[in-house]
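Chemist: This is the structure I have questions about; it appears just below.
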Ligand code: FES
């Protein structure tokens, strides 16, 4: 009589690494990455990104370390004022050869203080906010460092196409908006 118990199934035995990669694809990988970004936890948000406009912002070769360029995104309203900057150090969401080019909306997520002119190139931060002193780390997706804000600064998603820089979406809500695309 054979008393040997069958080996328990190995976890994931019916799914090889190859088939997992083939069937999960870049969409899943992208979603996982996006879901790891603070304030960006839902798959539905990944789908929402598809509705953002694609806007050319300038050229990588024309940016200088620590010298911001101003633009509006996703529309031309006052609340859409944003800053594109080459930080000179790698940053979350950064593009370019050194992954150091990032962009952020300039309304403080706490109560809408305007952060225009508050960028500190030496520290890669923006702040303090003129209202309640919040500061945000531009190397870490605009994460709050100090002050009253409880959310990260909305980050403009960037893509490079050759030397061209394009804005393609936003992570986080612009202050005062329930939908960045419908102010
Ligand atoms: S509005 Fe910026 S910290 Fe309150």
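In this note's numbering, the protein residues as written are 22 to 204.
Where is the CB? At the ideal position from N, CA and C, for every residue including glycine.
#1: Does residue 22 pass the burial test, meaning 16 or more other C-beta atoms within 10 Å, or should it be called exposed?
#2: Determine the DSSP secondary structure at residue 273, reduced to helix, strand or coil.
#3: Can we count residue 173 as close to ligand 1, meaning its CB is less than 7 Å from some heavy atom?
#4: Classify residue 175 as buried or exposed, calling it buried when 16 or more other Cβ atoms lie within 10 Å of its own Cβ.
#5: At which residues does the beta strand (DSSP E) containing residue 103 begin and terminate?
#6: Are there any heavy atoms of ligand 1 lying less than 7 Å away from the beta-carbon of residue 134, as far as the coordinates show?
#7: What residues are listed by DSSP as bridge partners for residue 187?
#8: Quick one: what's got a C-beta closer than 7 Å to residue 161's C-beta in the same chain, skipping five residues either side?
#9: Less than 7 Å between the CB of residue 115 and some heavy atom of ligand 1, yes or no?
Modeler: Reading it off the structure:
#1: Here the model assigns residue 22 a pLDDT of 43, short of 50, so the residue's position is not dependable and the matter cannot be decided.
#2: With the chain covering 22 to 204 only, the question about residue 273 has no answer from this structure.
#3: no
#4: buried
#5: 102 to 107
#6: yes
#7: 77 and 180
#8: 113
#9: no
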